[in-house]
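The next block holds one structure in the form of structure tokens; read it before the comments.
Residue numbers (the UniProt record's numbering): 1 to 328.
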């Protein structure tokens, strides 16, 4: 089958047409899935976990059609059946999904939203789950709920790189969860786009320094939760943008080494985490997509054979949303 594999240097990629398909005997406790699309993540070719398999394959977002359900244990009751259209974030320590046939566990899967195409579906899992877990697991904010619309009243949230994969979902989910004010940073060309996602205030980082902006009215403009998707100097600066008892959450790099020696409010804590596959959370996100309350954003689509161009677009740092590979 067709596949994109990594060999030699961790960043070396090659395309093959004779990669061996997973067999039902070998993966009797997994779903075997025909891949329609996968999405790429900036920096994934530097991650250590995907190098664990003997033949690493990129692309950890998955959208496809189930070909075979698990057969072991013999008495199991499968939640999905052949022909079901599904999507998932698959575990980073196994092969990715840039291949025609892939596998996934039941815990990773959710039914694909009925109102999106394959390319849009692949843009969702990793980014949406990253934002969901940042806001509603690690920051302990209340998830979107029509039964408790005021649960997050008074909370202020900052999201950096808000036009990127995780940032897009952070803004949408924070807005939908009733955050009192969602502030986002992005480049000039994306300001109106980020506003359309639900950000109350958008700061053009080319014109406005977020730390200076907060410092003008520290008590009024400080944040209870900061989701940083950039790292580097930005991560150092946002420590000083948190309110007393606030939390700095990073998906870019560990926050503690970037913590300034002074200028931080009392009781500010940090979280560094790696997103985990979670079919239950993805199912909640599916409901919101089908209700047209949130949506994924596709920057560009490439055929599997065009992987070089896809990664060039991705690593250029200016993609709005996800770069998707069309596998079938």
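Ideal Cβ positions, reconstructed from N, Cα and C, are used throughout, including at glycine. Bear in mind that the values here come from a model prediction, so they are computed numbers and not experimental data.
Member of the options whose CA lies at the smallest distance from the CA of residue i
i: residue 182; options: 209, 193, 223 and 150; result: 223
i: residue 271; options: 53, 27, 80 and 227; result: 227
i: residue 123; options: 321, 327 and 24; result: 321
i: residue 153; options: 160, 285, 248 and 144; result: 144
i: residue 81; options: 105, 60, 192 and 100; result: 105
i: residue 197; options: 297, 156 and 44; result: 297
i: residue 214; options: 250, 102 and 238; result: 238
i: residue 209; options: 233, 37, 220 and 253; result: 233
i: residue 172; options: 286, 199 and 231; result: 199
i: residue 274; options: 137, 85, 9 and 299; result: 137
i: residue 219; options: 328, 77, 155 and 253; result: 155
i: residue 159; options: 134, 146, 114 and 150; result: 134
i: residue 318; options: 263, 189 and 277; result: 189
i: residue 58; options: 26, 15 and 299; result: 15
i: residue 102; options: 294, 9, 255 and 26; result: 26
i: residue 328; options: 56, 119 and 263; result: 119
Length of the line joining the Cα atoms of residue i and residue j
i: residue 304; j: residue 310; result: 9 Å
i: residue 261; j: residue 241; result: 14 Å
i: residue 308; j: residue 301; result: 12 Å
i: residue 314; j: residue 39; result: 10 Å
i: residue 329; j: residue 245; result: The question about residue 329 has no answer here: the residues shown for the chain are numbered 1 through 328.
i: residue 62; j: residue 291; result: 22 Å
i: residue 259; j: residue 97; result: 36 Å
i: residue 178; j: residue 88; result: 27 Å
i: residue 217; j: residue 211; result: 11 Å
i: residue 250; j: residue 75; result: 42 Å
i: residue 24; j: residue 73; result: 13 Å
i: residue 116; j: residue 207; result: 36 Å
i: residue 28; j: residue 187; result: 48 Å
i: residue 64; j: residue 99; result: 11 Å
i: residue 288; j: residue 235; result: 30 Å
i: residue 286; j: residue 54; result: 33 Å
i: residue 312; j: residue 11; result: 12 Å
i: residue 142; j: residue 41; result: 27 Å
i: residue 84; j: residue 114; result: 11 Å
i: residue 77; j: residue 276; result: 24 Å
i: residue 221; j: residue 43; result: 32 Å
i: residue 193; j: residue 299; result: 13 Å
i: residue 60; j: residue 13; result: 15 Å
i: residue 56; j: residue 9; result: 11 Å
i: residue 176; j: residue 151; result: 12 Å
i: residue 263; j: residue 86; result: 47 Å
i: residue 243; j: residue 269; result: 10 Å
i: residue 147; j: residue 195; result: 26 Å
i: residue 45; j: residue 7; result: 11 Å
i: residue 180; j: residue 294; result: 18 Å
i: residue 185; j: residue 204; result: 6 Å
i: residue 316; j: residue 306; result: 16 Å
i: residue 191; j: residue 256; result: 30 Å
Rounded distance between the beta-carbons of residue j and residue i, thought under 8 Å
i: residue 157; j: residue 225; result: 5 Å
i: residue 37; j: residue 323; result: Their Cβ separation, rounded to whole angstroms, is 11 Å, which puts residue 37 and residue 323 out of contact at 8 Å.
i: residue 247; j: residue 79; result: About 34 Å; that fails the 8 Å criterion.
i: residue 131; j: residue 170; result: 4 Å
i: residue 253; j: residue 231; result: 4 Å
i: residue 229; j: residue 161; result: 4 Å
Residue i: CB within 7 Å of a non-hydrogen atom of the ligand FAD
i: residue 85; result: Of the ligands one can find in the structure shown there are none, so the ligand FAD has no counterpart to examine.
Residue-chain proximity (residue i, chain B), Cβ-Cβ < 8 Å
i: residue 154; result: This model lacks chain B altogether, as it is built from one protein chain only.
On the three-pair Cβ rule with 8 Å, is the region 75-93 touching the region 46-54?
-> yes
Meets three-Cβ-pair contact criterion under 8 Å: the region 272-281 and the region 105-120 = They touch, by the three-pair rule.
Report yes or no: do three or more beta-carbon pairs, one from the region 155-175 and one from the region 124-131, lie closer than 8 Å?
-> yes
Contact the region 24-41 vs the region 58-77: 3+ CB pairs below 8 Å | yes
Inter-stretch contact at 8 Å, needing at least 3 Cβ pairs: the region 18-25 / the region 1-8 | Yes, the region 18-25 touches the region 1-8.
Could you name each continuous beta strand (DSSP E) segment of 3 residues or more that falls completely within the region 209-250, going from the start of the chain to the end?
-> 223-228 and 242-250
Please list the segments of the alpha helix (DSSP H) lying wholly inside the region 48-132, counting only runs of 4 or more residues, in order along the chain.
-> Complete alpha helix (DSSP H) runs here, min 4: 118-122 and 125-132.
Every unbroken beta strand (DSSP E) within the region 267-326, with a cutoff of 3 residues, ordered by chain | 269-272, 298-303 and 322-326
Start-end ranges of the alpha helix (DSSP H) lying completely within the region 140-182, minimum 4 residues | 165-176
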